[in-house]
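**Student:**
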Amino acid sequence: MTPSIRRLALASALALSLTAAHAQTGPAPASLRTTVEQKLAEGPAGSRFGMLVTTLEGEVLVSIAPDQRFIPASNTKMFTTAIAYAELPLLQQNAKGAGVRLEEHGGISDVVLHGRGDAVLSSADDCKTDCLQTLADAVAAKTRHVRNIVGDDSWFPDERWSPGMSWNNIQSRYGTGVSALTLDDNELVMTLKPGAIGAGPTIGASGYFTIENRVITVAGKADEIEAFRMPNSRVLYLTGTVGADVAPMTLRYGIDDPAHYAAWRLGELLHARGVRVDGTIEVRHRPLTAADDPEKRKGAAVTLPAEPAMLAELPAPSLAENMVRINKESQNLHTELMLRRVARQAGSGSIADGQAVMHKVMGEAGLPATAYHFADGSGMSSYNRISPRAAVALLSWISRQPWSMDWRATLPIAGRDGTLQSRFKGTILEGRLFAKTGSLNASRALSGYLTTRSGKTLIFSALANDMPEDTDSQATAAVDRALVAIAEAL
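Everything in the sequence shown is counted per this note's numbering, starting at 116 for the first residue and increasing by one.
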């Protein structure tokens with residue numbers, strides 16, 4: 116089944132559920148809240164739960180701490196993708212792919228690689244579309260001798276990390292730097308193969324990082340590998356143990372200066388094409404200033420740098436297709452880039468401009484400003500807060516938008532795909548719950564739509580915070596059992 120047919124089938128199923136919801140009316144059983152509370156009480160002691168379940172028409176069926184504020188983790192992505200869909204026609208008109216140009220300096224050129232917020236630019240050997248190799252070919256066809264290679268990510272201001280993201284996530288793939296010049300998901304990919312017992316494993320990597328391999332191979336099949344890298348350092352320390360019987364592993368780590376990495380990788384591709392490179396790898400960032408904050412510029416027009424003509428450009432990738440990856444896979448970097456695209460349409464491309472768009476659209480959706488707060492677009496920030504009522508209000512508003520079915524089709528499906536692939540299997544909700552997950556330290560979230568036994572479509576948000584260490588999975592299981600009980604009762 117092709118993706119377009121799958122989306123049509125899903126949209127049809129949701130439309131049928133919507134029709135059934137209008138046909139099925141009547142209050143929830145009086146005992147339903149008690150049942151839900153009992154299921155949640157099976158979660159870890161000390162955990163804080165919030166839940167709101169309503170019909171599409173707004174009738175409240177279950178309400179537990181609906182106005183308390185919770186860290187939403189990746190439920191934040193619902194809000195970011197919703198405002199992107201609301202602005203999508205303009206985004207489609209202004210989306211651009213990466214470009215490359217030659218900048219003359221006394222008879223020899225610098226190669227300048229420009230990023231435009233493209234989330235899927237690739238340099239993989241098997242790349243078929245949106246390939247850095249295409250731009251390298253254009254340079255090699257024009258000249259065989261260049262000086263410096265410059266990565267220019269000034270399309271957005273230089274805000275590589277949002278407020279409230281834990282510093283220890285920076286070195287991971289989940290906290291990699293955000294940049295208008297993004298390549299290979301801004302991840303360093305390496306392979307690790309166990310060696311003989313007592314010896315170190317074999318590491319395969321690109322050479323961009325210096326790897327200090329202090330891992331020891333031991334007997335067995337377990338691995339306990341830890342990575343450490345100081346911010347803005349290109350020395351990665353690997354420590355711990357790996358079992359001799361462990362299959363070769365793929366490891367992924369974040370890159371702090373994506374524009375520098377992209378320029379370095381372009382240099383490798385030019386060398387491979389016989390282009391002589393005499394200079395160094397350089398970057399051009401646009402510093403964050405008061406002009407990037409809509410509160411500080413007080414309505415003044417935003418003046419962005421003019422873009423020179425390019426030697427070669429790549430076509431803009433599909434933002435709508437990227438929405439699927441964002442919500443199904445919960446892809447942090449792509450969500451942050453989507454927020455900044457929306458922000459650049461409204462202003463300078465800053466996080467503050469994105470927050471301003473968020474406030475505008477949420478106001479149109481009827482959400483009070485006190486019901487949510489976002490310091491980022493992906494949910495990695497521990498500063499973010501939402502209430503169950505805010506999430507349900509958003510989902511209710513989305514259900515009334517002309518792009519509602521397209522947006523719903525980006526959500527993971529219980530027991531079928533994305534971050535819900537292994538949840539709700541064998542229950543009444545397998546294939547009948549469409550929701551965004553969220554996972555952060557001591558925080559779990561699940562919000563979306565579900566279809567009950569009678570065919571009624573409900574909107575729900577279930578948030579859990581403050582779980583004791585190593586009990587997050589127990590909280591998730593308690594929420595899942597509560598939602599299954601709701602679906603079975605109605």
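Built from N, CA and C at the ideal position, the CB exists for glycine as well. Fair warning: this is a prediction, and the values are worked out from it, not measured in the lab.
Is residue 506 closer than 8 Å to residue 498 when the C-beta atoms are compared?
**Tutor:** If you number the sequence shown from 1, residue 498 lands on position 383. If you number the sequence shown from 1, residue 506 lands on position 391. Their beta carbons are not under 8 Å apart, which means residue 498 does not touch residue 506 by this criterion.
**Student:** Can you tell me whether DSSP reads residue 328 as helix, strand or coil?
**Tutor:** Sequence index remark: in the sequence shown, residue 328 carries index 213 (1-based). Of the three classes helix, strand and coil, the one that applies to residue 328 here is strand, per DSSP.
**Student:** Between residue 160 and residue 558, how many whole angstroms is the CB-CB distance? I'm expecting something under 8 Å.
**Tutor:** Here the question's residue 160 lines up with position 45 in the sequence shown. Here the question's residue 558 lines up with position 443 in the sequence shown. Residue 160 to residue 558, Cβ: 17 Å. No contact.
**Student:** Quick check on the burial criterion: 16 or more other C-beta atoms within 10 angstroms. Buried or exposed for residue 260?
**Tutor:** Position 145 of the sequence shown, counted from the first residue, corresponds to residue 260. So residue 260 ends up on the exposed side.
**Student:** How close, in whole Å, do the beta carbons of residue 362 and residue 332 come, if the pair is a contact with beta carbons under 8 Å?
**Tutor:** As a first step, residue 362 is located in the sequence shown; it is residue number 247 there, counting from the start. As a first step, residue 332 is located in the sequence shown; it is residue number 217 there, counting from the start. The Cβ separation is near 13 Å, so there is no contact.
**Student:** What is the DSSP secondary structure of residue 563, reduced to helix, strand or coil?
**Tutor:** If you number the sequence shown from 1, residue 563 lands on position 448. Correct three-state label for residue 563: strand.
**Student:** With a CB to CB cut of under 8 Å and the five nearest residues on each side skipped, what residues in its chain are close to residue 370?
**Tutor:** If you number the sequence shown from 1, residue 370 lands on position 255. Here the set comprises 291, 292, 301, 302, 303, 323 and 376.
**Student:** Contact check, residue 471 vs residue 409 under 8 Å by CB: the rounded distance?
**Tutor:** By one-based count along the sequence shown, residue 471 stands at place 356. By one-based count along the sequence shown, residue 409 stands at place 294. Indeed they touch by this definition, with Cβ atoms about 5 Å apart.
**Student:** Thinking C-beta only, is residue 227 closer than 8 Å to residue 267?
**Tutor:** On the sequence shown, residue 267 is found 152 positions in, with the first residue counted as 1. On the sequence shown, residue 227 is found 112 positions in, with the first residue counted as 1. Yes; because the gap between Cβ atoms is below 8 Å, this pair is in contact.
**Student:** Taking just the CA atoms, how far does residue 396 sit from residue 606?
**Tutor:** An answer regarding residue 606 cannot be provided, because it is not within the stretch 116 to 605 covered by the chain.
**Student:** Tell me the rounded alpha-carbon separation between residue 315 and residue 305.
**Tutor:** The residue given as residue 315 occupies position 200 in the sequence shown. The residue given as residue 305 occupies position 190 in the sequence shown. Distance between the alpha carbons of residue 315 and residue 305 is about 15 Å.
**Student:** Which runs of the alpha helix (DSSP H), 4 residues or longer, sit entirely within the stretch 388-470?
**Tutor:** 409-412, 434-444 and 447-461, all fully within the stretch 388-470.
**Student:** Is the CB-CB distance between residue 392 and residue 385 below 8 Å?
**Tutor:** Translated into the one-based positions of the sequence shown, residue 392 becomes position 277. Translated into the one-based positions of the sequence shown, residue 385 becomes position 270. Yes, these two residues count as a Cβ contact at 8 Å.
**Student:** Do residue 315 and the ligand GTP come close, with the Cβ less than 7 Å from some heavy atom?
**Tutor:** The model depicted lacks the ligand GTP and carries no ligand whatsoever.
**Student:** Decide if the stretch 218-238 is in contact with the stretch 519-537; the criterion is three or more beta carbon pairs, one per stretch, under 8 Å apart.
**Tutor:** In short, these stretches do not touch, since the Cβ pair count stays below three.
**Student:** Just checking my contact of residue 373 with residue 482 at CB under 8 Å: how many whole Å lie between their CB atoms?
**Tutor:** Within the sequence shown, numbered from 1, the residue matching residue 373 stands at position 258. Within the sequence shown, numbered from 1, the residue matching residue 482 stands at position 367. So it is not a contact: roughly 33 Å between Cβ atoms.
**Student:** Please specify which runs of the alpha helix (DSSP H), each continuous and at least 4 residues long, are wholly inside the stretch 478-525, giving them in chain order.
**Tutor:** Qualifying alpha helix (DSSP H) stretches, in chain order: 503-513 and 519-523.
**Student:** So is residue 196 buried or exposed if we call it buried at 16+ other beta carbons inside 10 Å?
**Tutor:** To locate residue 196, count along the sequence shown from 1; it is residue 81. Classification for residue 196: buried.
**Student:** Do the CB positions of residue 382 and residue 264 come within less than 8 Å of each other?
**Tutor:** Reading the sequence shown from its first residue, position 267 is the one you call residue 382. Reading the sequence shown from its first residue, position 149 is the one you call residue 264. Cβ atoms of residue 382 and residue 264: closer than 8 Å.
**Student:** Starting from residue 178, follow the beta strand (DSSP E) in both directions and report where the run begins and ends.
**Tutor:** If you number the sequence shown from 1, residue 178 lands on position 63. That run of the beta strand (DSSP E) goes 175-179.
**Student:** Whole angstroms are fine: how far does the CA of residue 294 sit from the CA of residue 346?
**Tutor:** The residue given as residue 346 occupies position 231 in the sequence shown. The residue given as residue 294 occupies position 179 in the sequence shown. One C-alpha to the other measures close to 16 Å.
**Student:** Using DSSP with H/G/I as helix, E/B as strand and the rest coil, what is residue 158?
**Tutor:** Translated into positions along the sequence shown, residue 158 becomes position 43. The answer is coil: DSSP assigns residue 158 none of H, G, I, E or B.
**Student:** Report the three-state DSSP secondary structure of residue 271 (helix, strand or coil).
**Tutor:** As a position in the sequence shown, residue 271 is number 156, starting the count at 1. Reduced to three states, the DSSP call for residue 271 is coil.
**Student:** Out of 353, 438 and 528, point me to the one whose CA is closest to residue 342's CA.
**Tutor:** Here the question's residue 342 lines up with position 227 in the sequence shown. Ranking the options by Cα distance to residue 342, first place goes to 353.
**Student:** Residue 514: which of 298, 565 and 348 sits nearest, CA to CA?
**Tutor:** The sequence position of residue 514 within the sequence shown is 399, counting from 1. Checked all of 298, 565 and 348; the closest Cα to residue 514 is 565.
**Student:** Could you please give the first and the last residue of the uninterrupted beta strand (DSSP E) stretch that includes residue 223?
**Tutor:** Taking the sequence shown and counting its residues from 1, the one referred to as residue 223 is at position 108. Per DSSP, residue 223 belongs to the beta strand (DSSP E) from 223-229.
**Student:** Measure the Cβ-Cβ separation of residue 573 and residue 176 and say whether it is below 8 Å.
**Tutor:** As a first step, residue 573 must be located in the sequence shown, where it is residue number 458. As a first step, residue 176 must be located in the sequence shown, where it is residue number 61. Yes.
**Student:** Shortest alpha-carbon distance to residue 434 belongs to which of 157, 193, 232 and 223?
**Tutor:** Counted from its first residue, the sequence shown places residue 434 at position 319. Selected option, being the one with the closest Cα: 232.
**Student:** Taking one C-beta from the stretch 583-594 and one from the stretch 520-528 each time, how about it: are there three or more such pairs within less than 8 Å?
**Tutor:** No: fewer than three Cβ pairs fall under 8 Å.
**Student:** Does the distance from the C-beta atom of residue 500 to that of residue 181 stay below 8 Å?
**Tutor:** Here the question's residue 500 lines up with position 385 in the sequence shown. Here the question's residue 181 lines up with position 66 in the sequence shown. It is not a contact, given that the beta carbons lie outside the stated cut-off.
**Student:** Which residue's Cα is closest to the Cα of residue 455: 543, 448, 469 and 601?
**Tutor:** Counted from its first residue, the sequence shown places residue 455 at position 340. Among 543, 448, 469 and 601, the Cα nearest to that of residue 455 is on 469.
**Student:** With a 10 Å radius around its C-beta and 16 neighbouring C-beta atoms as the bar for buried, classify residue 379 as buried or exposed.
**Tutor:** Against the sequence shown, residue 379 aligns to sequence position 264. Label assigned to residue 379: buried.
**Student:** With DSSP collapsed to three states, give me the class of residue 193.
**Tutor:** As a position in the sequence shown, residue 193 is number 78, starting the count at 1. Residue 193: helix per DSSP, three-state reduction.
**Student:** Whose CA, out of 238, 166 and 280, lies closest to the CA of residue 451?
**Tutor:** Residue mapping note: residue 451 aligns to position 336 of the sequence shown, counting from 1. Closest option to residue 451, Cα to Cα, is 280.
**Student:** I'd like the span of the beta strand (DSSP E) that includes residue 308, first residue to last.
**Tutor:** Here residue 308 refers to the residue found at position 193 of the sequence shown. 302-308 is the span of the beta strand (DSSP E), which, as asked, contains residue 308.
**Student:** What are the residues that DSSP puts in a beta bridge with residue 104?
**Tutor:** In the structure as shown, the chain begins at 116 and stops at 605. Residue 104 is therefore absent and cannot be evaluated.
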